[in-house]
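What follows is a short report on a single structure.
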Ligand SMILES: NC(=O)c1ccc[n+]([C@@H]2O[C@H](COP(=O)([O-])OP(=O)(O)OC[C@H]3O[C@@H](n4cnc5c(N)ncnc54)[C@H](OP(=O)(O)O)[C@@H]3O)[C@@H](O)[C@H]2O)c1
């Protein structure tokens, strides 16, 4: 890739695995200062070594964060802000999609854990970094959704089932949280117009997941993953879209868009563009994170 990211600082969550790690490596190769936010110390440190090994001019550091916990998100951002006054791009890559989960699990903040990890605490992290992003403008926020949302063309935010209290399946909870991310992207992009901070969402398709991350799953799911892998993109290929969204100068003023790999603008479902629902979701989320 052709970009020079010297003196640019990028925060990326879920940076120890899959697309997040591949993107960290590509960003580091392009000279960015990469701040890898990871949940697990051991996995994070291993990935840090691998990313540092390919870095060119920039620094690479690790900050531990559990995206399911607001205390952890606040601590991680305090740590980041104690060492940085500049943030050029924030990539919300980490997500919870453990297909072995059968029932809702509540976080220590009293929020259903998939919704907390994949939406609420992403909003919190964004909020805590917003002043720095504005001061660093032009700067970019990248959120991550899923191409699988195409199989839910009528999915909307279920305000009466936000905690999985009426019905719960892992797939539904995951796609509901990703639908929320798409709507968060569109709403935040509007709110930030004129600030120099853009917000775009990547629609990740079928990307290979290493066996080591799947070995707790039942056999039938392993078979499905093995079949999917035959048609999957590599994490490295998908990461190129993240890097493009971070770096490409043609995107300087592009905001509130939804993207397929490699660089294709796509439409979300109709409900995602409903401004009233976006605002209601925003206000609902704010209640969880306003403290
Ligand atoms: N792979 C696909 O086919 C596909 C399809 C659609 C969308 N996506 C999206 O693409 C993104 C990257 O996925 P991937 O394929 O690269 O999967 P992956 O290899 O499983 O990576 C997921 C990352 O998220 C981290 N994570 C999960 N829960 C976390 C938490 N509570 N706190 C902090 N980090 C947490 C994981 O950390 P640990 O190592 O600690 O678990 C891991 O680093 C996700 O947003 C996913 O929803 C992927």
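Residue numbers (my numbering): -8 to 282. Yeah, the Cβ is synthetic: ideal placement off N, Cα and C, and Gly gets one too. Since the model is a prediction, treat every value here as computed from it, not as a measurement.
At which residues does the alpha helix (DSSP H) containing residue i begin and terminate?
i, result
"residue 234", "226 to 238"
"residue 191", "Where residue 191 is concerned, there is no enclosing alpha helix (DSSP H), although the beta strand (DSSP E) it sits in stretches over 188 to 195."
"residue 204", "First-last for residue 204: undefined, no H or E at that position."
"residue 184", "No alpha helix (DSSP H) holds residue 184; DSSP gives it neither H nor E."
"residue 216", "210 to 220"
"residue 15", "9 to 20"
Considering residue i, what are the terminal residues of the beta strand (DSSP E) in which it resides?
i, result
"residue 38", "From DSSP, residue 38 is part of no beta strand (DSSP E) but of the alpha helix (DSSP H) over 32 to 45."
"residue 28", "24 to 29"
"residue 51", "51 to 55"
"residue 65", "Residue 65 -> not in any beta strand (DSSP E); alpha helix (DSSP H) instead, spanning 61 to 74."
"residue 251", "248 to 251"
"residue 2", "0 to 4"
"residue 110", "Here residue 110 belongs to no beta strand (DSSP E), and DSSP marks it neither H nor E."
"residue 272", "Careful: residue 272 lies outside any beta strand (DSSP E), inside the alpha helix (DSSP H) at 266 to 280."
"residue 80", "80 to 83"
Assuming residue i and residue j make a contact with CB atoms under 8 Å, what is their CB distance in whole Å?
i, j, result
"residue 85", "residue 5", "3 Å"
"residue 172", "residue 113", "7 Å"
"residue 193", "residue 232", "6 Å"
"residue 27", "residue -2", "No, residue 27 and residue -2 are not in contact; Cβ-Cβ is about 18 Å, not under 8 Å."
"residue 176", "residue 247", "7 Å"
"residue 273", "residue 178", "5 Å"
"residue 0", "residue 83", "About 16 Å; that fails the 8 Å criterion."
Take residue i as the anchor and find which of the options has the nearest alpha-carbon.
i, options, result
"residue 279", "8, 23, 101, 17", "101"
"residue 57", "181, 178, 115", "115"
"residue 191", "253, 249, -1", "249"
"residue 185", "243, 50, 98", "243"
"residue 54", "99, 35, -3", "35"
"residue 200", "11, -1, -6, 3", "11"
"residue -6", "9, 19, 13", "19"
"residue 49", "230, 155, 226, 17", "17"
"residue 183", "95, 129, 196, 47", "129"
"residue 265", "181, 43, 121, 98", "181"
(Q) Contact between the segment 258 to 265 and the segment 129 to 146 is defined here as three or more beta-carbon pairs at a separation below 8 Å; is this criterion met? (A) yes
Q: Kindly confirm or deny that the segment 268 to 278 and the segment 141 to 158 touch, where touching means at least three C-beta pairs closer than 8 Å.
A: Yes, the segment 268 to 278 is in contact with the segment 141 to 158.
(Q) For the structure I just gave you, are there three or more beta carbon pairs, one from the segment 222 to 234 and one from the segment 95 to 113, closer than 8 Å? (A) no
Q.
Threshold first: 3 residues or longer. Then list the beta strand (DSSP E) segments lying entirely within the segment 125 to 157, N to C.
A. 130 to 137
**Q.** Inter-stretch contact (C-beta, 8 Å, three-pair minimum) for the segment 158 to 177 and the segment 86 to 95
**A.** yes
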